[in-house]
Every structure is written in C-alpha cells, then in structure tokens.
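Chains as they are written, first to last, in the working numbering: chain X, 334 to 696; chain H, 334 to 696.
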C-alpha cells in the first residue's frame, strides 16, 4: 500500500490549530514534521495568532506557512447545537470556510468531533444521494490497513445508508491505496448462531444487486476486522465505535500484560534488552497515532479529523493523509456511484417489497 | 475473586458429550481433569455410549460417572428450528431433560448455540418477567474478570430487556464471585461525540429509578471493557457479539506481532528464551479457553455453553463454572429482582411517557 503520493504544488491545507487536548503546540509541531518529511503542500493555520505565531516561527520548515487569526475556539465539551449557533468566529469555522471557498483542498482538525461534523455539513453540504456522512477509522491488519466505517458519525443506519457507507468506503480505500478493487464486507454476527439484523441483511441484498461492480464479500464477523479479511468494513456508527474502542482496549490490556512479563525479574529484563529493537517496533505498530486521521465521507469537501489527544506524530499522520487524499477525485467518484447504485437500489427494493428503515439520528 | 467454592456432595452435572468440534474426546478428557482438580460433583454423560464408554473407562477419575445413551446429535450446522422439530432423540435434549426433572443441577454442552438455546427455552422455560434469555461472556481485565452480556442470544434488545440483562448479569456476577455489590455499566458511545441510542438512554433512566439498590455506573465505552471499569457490561446481542469477537481478533493480531518480534533473529530468540516462563504465562492469559463457559441467563435452569472448539482445558473451565454456579440460588434472586424492578420500571415509564421499543429477534 502506498499512502503518500506526489502532491500537486498548489495544494493548500487548512489546519485548525485550536481545540485539541494537546493544544496548538502538538498541531504546529506535527505540521512541521510533516513538511520536513516532504509533504509538498502549503499550510494555513487557523486560530489565536498570538499563540500560534511564536510556535510557527520556531519551526524553520514552516517559513512558508500562513496564519489566519480567529478569536473563538470550539471546546471539547461544546455540543454540536451550540457550535452551530455560536461557532462562526471560531478557528474551526474559518478552516472549513477555506475549503468551501476552494482556497484550501482539505481541513485537518483535532477538535470536537460532533462540532466539526455539524459545521462541515452546514458549510460544505452533503453529496447528492448521500443521507448522512460517515466517519472512517484505519485499522491495522497483517495485510496492511482496513478501513472501518461508520465509527461514530451516526448511532443508527438504515439499509440504504449502509449501502452508501459501502460505496463511500470503497472509493475512500481506492483513493488512499490505489487498489482498484477493494473488497468490502458487512459486519454481522455468526450466521450459525443468529439471524443477524434485518437491516444488515437487506443492505447485503441491495449491494449484491445494485452494485455488481463492487467486490462485495458479504458478511464478516468481529474477528475478521483485525485479520484483514476485507479492505472495507461497513457497519453503523454505534457498532463501529464500540468495536474500535473495544479493540483498542483489548490491545492495551495485552500490552500491559506484556510489560509485566518483560519487567518481572532481572532475567526477563535482560531478555527484554535483547528484544529492544523488535519491541520498539511492536510498540509503534500498536500505537494508535500511527493510524491517526478519521475522514468524514459524504461531504462536498475533505475533512480529516485527528484524534483530540493526538501528539505531534499523530497530527503528522493526519496531515499526510489529508494531503494524499486531497489530490484524488474521490468525492466525484462517490457522487457518481451513489447516483448509479441509488437508481438500481430503488428498483431492487420495489421488486422485493422489502427494506428495513430506522430513523437517522441527528447529530 | 474466588470462582471455585465448596460444592454440595449431591450435585450432579449433565454433560452433553456430543456436538463439539473436538468430539467426545475433549469433553471426557476435560471432565476428568475437572474431577482430578477437586470438582466434587457427580457427572452424567449424554451421547453415543459406544463412543463415550471407552473414553470414560480410560479415565480413573471418572469411575463414579454415569453414561446415558442418546442416538441423535445436534450438529453445528442444524438450524434452531430443525433442532426444535427433530431434536428429541439427541444428547442435548436428554441432558436438558435431566435438569428439567431435577436429576441434574446444570447442563454443560459444547454444541450448537442456537439449538441449545432453543431446546433450553422449550424444556425449561423462561423466568417470569424476563422477555428473552441472554448469553454471558467472561472477559479478562487487570482487576480479574468482567461479565459481558448479551453476547449473542438476541440481535436486538429493548430498553426493558437491557434492564433485565443488567439484573441478570449482576446476580450472575455475585454468584460467580461472591462480590455483593457488582458495578454495572451500560455500553454506549462517547457522550461528547454522539447522543447514543435512545434505547440505551431509556434503559439507564429505568435502571437508576427502578433499581436503586444496584451499583449502576451509567454509560461506559468500548475501551472500558478490558480496563475492568465495571464488573458487568450490559449491551444487546449484536453489539456484544461484535465486541467480543473484535477484541479476540485484536488480541490475536498483537499476539502474532509479538511472535514475529520474538523470532526475528538469533538475538531475539535468546531474549525470548530468557522470557520463556513469563511468555507462557502471557499466552495462558490470552488463551480464550481460560475464560471458557457462556451461561444462558433467564432460564428456569442452569445451562453452560462451552465454546464449540474448546479443548480439554476449556471444557474443564466450563464444567467448573457450572459446578460453582449450580450451588447458588441466583435463579431465584433474578426472579425476585426482576419482579420488584419490573413494577417500579412500569411506574417510571408511565411517568415519563418514554421508552423505545424494538422487536425481539426470534432465534
């Protein structure tokens, strides 16, 4: 998988420097590291100029960067409804505006997820035919990385929304990796034990009939995610969010057990010393910041959400992902596929007279 | 946590010897190990006597065990509806009958989960006030073990059913560990990002008002499960099943990375040698068979489902759990609490005029 591709010289990224747990320090430092690693994009920082300017000036690699002052900050505790009402003076708003006005190709923000989604929908709008945006996570596997969506933009999803997630996830994976035929799976429970959600079953029927071009592998189970059985795992935002956080928790528990094992005695400490290089590599693999950067799919513009607690390394990953994706036409690809499949899906559903429907949760 | 308690001499366990992936060999061998470890219960094996008898005779510790022949076997691929129609001659049916007739205190089976649940409901019936049985999993944490339910008996759950799961899980944890005030949490998604399911929110309201005796911690997130933030994690069977399998997959991935690290070079192999004892302990901790044994809660009788692929060590764990639980009055405790809380919950819901309702999935 190649995730970093040559980027056109004119690409500009709008960086929301405020709102993350680690403050503008981590954002600016991460941005500097990305530029030093050959990002090839122009950076514009949005936020409190008095705070950001000294940080940017201290980084030689950011001499070409621009700073645009914004008074307000969206805090982690602000509700999306508050952000929508009072967020117009914030760095987050200004960064999204830059994408709306096409003066930037993407936003990277460590801020409040719900607020970022609400402001993005309001300013950029949703692709025609998409009901609700979805949020991606990159999941490490033995084969590379799997994309999981939705991991939290919506708490429920209808069958048609799952179909849209599948189409968006497929286009996203293709843009990220260059893989032309990503394999897509729908997350379900063991078929021999349970019938599975009717919504999931209906989504599978629609996908098979309405998007025959897709490499659709049918249902997968929870353990298939880390196996890398498929490239794109489709699920509703409640299940996806629980799965992601549960896996992080399980990996952390195994990591803490390993640490106990390594430090149990003088002999194990010597053993750990001999394993030092390999253990550091293992730690890097287990580090969530190496796969930092959730993308909001389904919007008329590219928004990359970095984890609120991301350090400089995490911010660097998110910025690199934004630069890599900004040069791909995946928004148009999603729009075209959604339009094509949507028509066929409507036919399929009319023929079958089927189709579970649940209410979409408002953010 | 003490999970093995003195068991009354007269306890009999009905062991379904058929239907597991590893055959009656693993079941009989696991049973012998449990007896050798001081089980203190009489064992009755159900299944093909021609297969079982030589296995039992080969184990000196099983000299007091009984064998009851049954012609039929519930296979892993049988659908619950088929099992219900044609399962009356099977070892599974006969083992459950022994509990129904009170000639055994519990069933242990490695067989088909859906079939076991269907036959158990049919023969034993459900506790008054419980809508649907739930299935537990034991989850390792730094503090010991957490109980997660439902992990797959139902694909959906109403708010009232989640409340019932909470009550059943609390009583189960108390019986298993002796802990008088287990802490109960409802699995949800990050509050700052999402509203969460209305069903989960309604269940939390009901629990707070209708069961003030419960140590209810409110919402927890996926990463809290492996942290051991609470003793009992309550969720619907779809989410619970995905969470359980996703965590197993994530732990296995970390384990495979660790193996790569240990075998990367001659030097790392020497390091691994120095860590041998500790790594074996780590492997045991990560071994699912050490927490084998899912209990079906909500039935008028105790059914312990061993993993279909369990080896002798796994079967031993499941049999020990059955013996430990069979001597506790947790069925009556669940019945009393459900009756008490059910009345208060009805009042709460009438006052609020709230309450999401979804259809329960038939097995």
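For each residue, glycine too, the CB sits at the ideal point set by N, CA and C.
Review point. Does the beta-carbon of residue 581(H) have 16 or more other beta-carbons within 10 angstroms, so that it is buried, or is it exposed?
Key: Numbered from 1 along the second chain, position 248 holds the residue referred to as residue 581(H). Under this definition residue 581(H) is a buried residue.
Exercise for review: Return yes when the Cβ of residue 372(X) is within less than 8 Å of the Cβ of residue 398(X), no when it is not.
Suggested key: Taking the first residue of the first chain as position 1, residue 398(X) is located at position 65. Taking the first residue of the first chain as position 1, residue 372(X) is located at position 39. Taking 8 Å as the Cβ cut-off, residue 398(X) and residue 372(X) do not qualify as a contacting pair.
**Study point:** Segment limits, alpha helix (DSSP H) that includes residue 613(H)
**Key:** For the purposes of this step, residue 613(H) is taken as residue 280 along the second chain, with counting starting at 1. That run of the alpha helix (DSSP H) goes 609-619.
Practice item. Measuring only between beta-carbons, confirm whether residue 558(H) sits less than 8 Å from chain X. Key: Here the question's residue 558(H) lines up with position 225 in the second chain. Yes, contact with chain X.
Check your understanding: Taking all protein chains shown into account, do 16 or more other C-beta atoms lie within 10 angstroms of the C-beta of residue 526(X), making it buried, or fewer, making it exposed?
Key -> Against the first chain, residue 526(X) aligns to sequence position 193. Here residue 526(X) scores only 42 on pLDDT, less than 50, and its place in the model should not be relied on; the value that follows carries that caveat. With 16 or more other Cβ atoms within 10 Å, it is buried.
Check your understanding: Leaving out five residues before and five after residue 571(H) in sequence, what residues of the same chain have Cβ atoms less than 6 Å from its Cβ?
Key -> The residue given as residue 571(H) occupies position 238 in the second chain. So the list reads 488, once near-sequence residues are dropped.
Check your understanding: Of all Cβ atoms in chain X, is any one closer than 8 Å to the Cβ of residue 601(H)?
Key -> By 1-based counting over the second chain, the position of residue 601(H) is 268. Answer yes: the Cβ-Cβ gap between residue 601(H) and chain X drops below 8 Å somewhere.
Review point. Would residue 370(H) be called buried (16 or more neighbouring beta carbons within 10 Å of its own) or exposed?
Key: Looking up residue 370(H) in the second chain gives position 37. Counting every other CB atom within 10 Å of its CB across the protein chains shown gives residue 370(H) a total below 16, marking it as exposed.
Exercise for review: Since I believe residue 439(H) is in contact with residue 347(H) (beta carbons under 8 Å), could you give me their beta-carbon distance rounded to a whole number of angstroms?
Suggested key: Within the second chain, the letter at position 14 stands for residue 347(H). Within the second chain, the letter at position 106 stands for residue 439(H). Contact holds; Cβ gap of about 7 Å.
Review point. Can you pull the DSSP bridge partners for residue 349(H)?
Key: The sequence position of residue 349(H) within the second chain is 16, counting from 1. DSSP lists 379(H) and 442(H) as partners of residue 349(H).
Review point. Taking Cβ positions only, does residue 379(X) come closer than 8 Å to chain H?
Key: For the purposes of this step, residue 379(X) is taken as residue 46 along the first chain, with counting starting at 1. For residue 379(X), no CB of chain H lies under 8 Å from its own CB, so it is not counted at the interface with that chain.
Review point. Would the stretch 496-504 of chain X and the stretch 551-559 of chain X be scored as touching if the rule is three or more Cβ pairs under 8 Å?
Key: no
Point to revise | Start-to-end residues for the beta strand (DSSP E) that takes in residue 358(X) | key: One-based indexing of the first chain puts residue 358(X) at position 25. From DSSP, residue 358(X) is part of no beta strand (DSSP E) but of the alpha helix (DSSP H) over 356-369.
Review point. What residues of chain X sit near residue 475(H), judged by a beta carbon separation below 9 Å?
Key: Counting from one through the second chain, the residue named residue 475(H) turns up at place 142. Those within 9 Å of residue 475(H) in chain X are 586, 589 and 590.
Review point. Taking Cβ positions only, does residue 604(X) come closer than 8 Å to chain H?
Key: For the purposes of this step, residue 604(X) is taken as the residue at position 271 of the first chain. So yes, residue 604(X) belongs to the interface.
Exercise for review: Hey, could you find the ends of the alpha helix (DSSP H) residue 417(X) is sitting in?
Suggested key: Residue numbering aside, residue 417(X) sits at position 84 when the first chain is read from its first letter. Residues 413-419.
Check your understanding: Which whole runs of the beta strand (DSSP E) in the stretch 426-514 of chain X are 3 residues long or more, in chain order?
Key -> 439-442, 467-474 and 477-482
Review point. Residue 399(X) versus chain H: which residues are under 7 Å apart at the beta carbon?
Key: Taking the first chain and counting its residues from 1, the one referred to as residue 399(X) is at position 66. In chain order: nothing, as chain H lies at least about 30 Å away.
**Study point:** Per-residue contacts from residue 619(X) into chain H (C-beta, under 7 Å)
**Key:** Taking the first residue of the first chain as position 1, residue 619(X) is located at position 286. For residue 619(X), the chain H residues whose C-beta falls within less than 7 Å of its own C-beta are 587, listed in chain order.
Check your understanding: What do you reckon, are the CB atoms on residue 451(X) and residue 406(X) nearer than 8 Å?
Key -> Along the first chain, one-based indexing puts residue 451(X) at 118. Along the first chain, one-based indexing puts residue 406(X) at 73. Cβ distance not < 8 Å, so residue 451(X) and residue 406(X) don't count as in contact.
Review point. Roughly how far, in whole angstroms, is the beta-carbon of residue 320(H) from the beta-carbon of residue 630(H), given that I think they are within contact range, below 8 Å?
Key: Coverage of chain H is limited to positions 334 through 696, which leaves residue 320(H) absent and any answer about it impossible.
Review point. Looking only at its own chain, which residues have a Cβ that is under 6 Å from the Cβ of residue 485(H), when we skip the five neighbours before and after it?
Key: Locating residue 485(H) in the second chain gives position 152, counting from the first residue. Counting only Cβ-Cβ distances below 6 Å, and skipping sequence neighbours, we find 468, 570 and 574.
Check your understanding: Rounded to the nearest angstrom, how far is the Cβ of residue 536(H) from that of residue 496(H), given a contact under 8 Å?
Key -> Stepping through the second chain from its first residue, residue 536(H) is reached at position 203. Stepping through the second chain from its first residue, residue 496(H) is reached at position 163. Going by Cβ atoms, the distance from residue 536(H) to residue 496(H) rounds to 5 Å, so yes, they are a contact pair.
Point to revise | Partner residues on chain H for residue 530(X), Cβ-Cβ distance less than 9 Å | key: Here the question's residue 530(X) lines up with position 197 in the first chain. Within 9 Å Cβ-Cβ: 488, 489, 571 and 694.
Review point. For residue 421(X), which of 657(X), 538(X), 579(X) and 403(X) has the nearest alpha-carbon?
Key: For the purposes of this step, residue 421(X) is taken as residue 88 along the first chain, with counting starting at 1. Nearest C-alpha to residue 421(X): 403(X).
Check your understanding: residue 587(X) to residue 663(X), Cα distance in whole Å?
Key -> Position 254 of the first chain, counted from the first residue, corresponds to residue 587(X). Position 330 of the first chain, counted from the first residue, corresponds to residue 663(X). When rounded, the distance between both Cα atoms is 37 Å.
**Study point:** Buried or exposed (CB count within 10 angstroms, at least 16 for buried), residue 515(H)
**Key:** The residue given as residue 515(H) occupies position 182 in the second chain. Result: buried.
Point to revise | chain X contact for residue 633(H) (CB, 8 Å cutoff) | key: Here residue 633(H) corresponds to residue number 300 of the second chain, with the count starting at 1. Not closer than 8 Å to any Cβ of chain X, the Cβ of residue 633(H) fails to qualify, so no.
**Study point:** Of the listed residues 409(H), 597(H), 462(H) and 650(H), nearest to residue 360(H) (C-alpha basis)
**Key:** Taking the first residue of the second chain as position 1, residue 360(H) is located at position 27. By alpha-carbon distance to residue 360(H), the top candidate from 409(H), 597(H), 462(H) and 650(H) is 650(H).
Point to revise | Interface flag, residue 611(X) vs chain H, CB-CB below 8 Å | key: For the purposes of this step, residue 611(X) is taken as residue 278 along the first chain, with counting starting at 1. Yes, residue 611(X) lies at the interface with chain H (some Cβ there is under 8 Å from its Cβ).
Check your understanding: Can you tell me whether DSSP reads residue 551(H) as helix, strand or coil?
Key -> For the purposes of this step, residue 551(H) is taken as residue 218 along the second chain, with counting starting at 1. The answer is strand: DSSP assigns residue 551(H) an E or B state.
Review point. Where does residue 700(H) sit, in a helix, a strand or coil, going by DSSP?
Key: The structure shown does not extend to residue 700(H), since chain H is modelled only from 334 through 696, so no value can be given for it.
Review point. Does the distance from the CB of residue 565(X) to the CB of residue 506(X) come in under 8 Å?
Key: Here residue 565(X) is taken as the residue at index 232 of the first chain, counted from 1. Here residue 506(X) is taken as the residue at index 173 of the first chain, counted from 1. Contact: yes.
Review point. What span of residues does the beta strand (DSSP E) with residue 520(H) cover, start to end?
Key: The count along the second chain starts at 1 and reaches residue 520(H) at position 187. Its beta strand (DSSP E) spans residues 516-520.
Review point. Taking DSSP as the reference, what is the three-state secondary structure of residue 307(H)?
Key: One cannot answer for residue 307(H) here, as it falls past the ends of chain H, which runs 334 to 696.
Practice item. Report yes if the C-beta distance between residue 355(H) and residue 642(H) is below 8 Å; otherwise report no. Key: Residue 355(H) sits at position 22 when you count from the first residue of the second chain. Residue 642(H) sits at position 309 when you count from the first residue of the second chain. In contact: residue 355(H) and residue 642(H) (Cβ atoms closer than 8 Å).
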